[in-house]
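Numbering follows my numbering, in which position 181 of the sequence shown is assigned residue number 181; successive positions increment by one, without gaps.
Think of the CB as a built atom: it goes at the ideal place given N, C-alpha and C, for glycine as much as any other residue.
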Amino acid sequence: MTKLGPRDRLISTAITMVQERGVHATGLSDLLKRSSAARNSIYQHFPGGKEDLMVTATETAGAIVAARIDRLAATTDPAGIVSGMIARWIAELEAADFGTGCPIAAAALASPDEPAITAAAADAFAALRGRISAALVDSGAPVETADVKASVVVSAIEGALLQARAARSVQPLRDAETVLIGLLRD
Numbered sequence: 001m002t003k004l005g006p007r008d009r010l011i012s013t014a015i016t017m018v019q020e021r022g023v024h025a026t027g028l029s030d031l032l033k034r035s036s037a038a039r040n041s042i043y044q045h046f047p048g049g050k051e052d053l054m055v056t057a058t059e060t061a062g063a064i065v066a067a068r069i070d071r072l073a074a075t076t077d078p079a080g081i082v083s084g085m086i087a088r089w090i091a092e093l094e095a096a097d098f099g100t101g102c103p104i105a106a107a108a109l110a111s112p113d114e115p116a117i118t119a120a121a122a123d124a125f126a127a128l129r130g131r132i133s134a135a136l137v138d139s140g141a142p143v144e145t146a147d148v149k150a151s152v153v154v155s156a157i158e159g160a161l162l163q164a165r166a167a168r169s170v171q172p173l174r175d176a177e178t179v180l181i182g183l184l185r186d
């Protein structure tokens, strides 16, 4: 197995810590310690410091989720995409004892003083909506309907994730799955 270099370790660790703590509470000292990266690695790979790293981590997290959607879309219908996404989040929440969440949503909640991070989150969400919309169009839905349904899918899953973490229960995700599958099959 290939060992990750310092840049990739910083990105991976940043994603994990943002899922657990949010952007604001992810400190550089803890991030460096947890990633086993030297302090100069931050500025060598991310000249803009923490904000630059958080933008890259958000973009990377978005690309990871988008790739999951693409893999699901290649083998199933839009309802199957929703079920697959929710199954993945349930597994992640349970494995982390409900101590994790969506890194893109956490980035969206970054400080107004960090607009590049929230912009990266907006772009990531737009890409996810676009992929889900494309899957709906491929299954025969009109573009206008597909875009709206894709937006509702992303919004419902994100809201269910927040509720699931707060309640320490996967039931909100299961409820969202039931309603979303009904919506997508209409």
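Residue i versus residue j: straight-line alpha-carbon distance, rounded
i, j, result
"E144", "N40", "48 Å"
"V148", "A73", "18 Å"
"D123", "A57", "13 Å"
"V170", "V179", "15 Å"
"I11", "R185", "37 Å"
"A167", "A67", "29 Å"
"Y43", "D77", "43 Å"
"A110", "A61", "15 Å"
"A14", "T26", "8 Å"
Contact belief for residue i with residue j at Cβ below 8 Å, rounded distance in angstroms
i, j, result
"A79", "I157", "Incorrect: roughly 13 Å between the Cβ atoms, too far for contact."
"V23", "A116", "11 Å between Cβ atoms; not a contact."
"R9", "S36", "7 Å"
Any C-beta of chain C under 7 Å from that of residue i
i, result
"I181", "No chain C appears in the structure shown, which is made up of a single protein chain."
Residue burial classification, residue i (beta-carbon count within 10 angstroms, cutoff 16)
i, result
"G99", "exposed"
"I155", "Looking at the sequence itself, residue 155 is Ser, so the reference to Ile does not match. When all chains shown are included, S155 counts as exposed."
"I104", "buried"
"S133", "buried"
"A146", "buried"
"R165", "buried"
To test your reading of the DSSP string, which unbroken alpha helix (DSSP H) runs of 4 or more residues are found completely within the stretch 9 to 95? 28 to 35, 39 to 45, 50 to 73, 78 to 95
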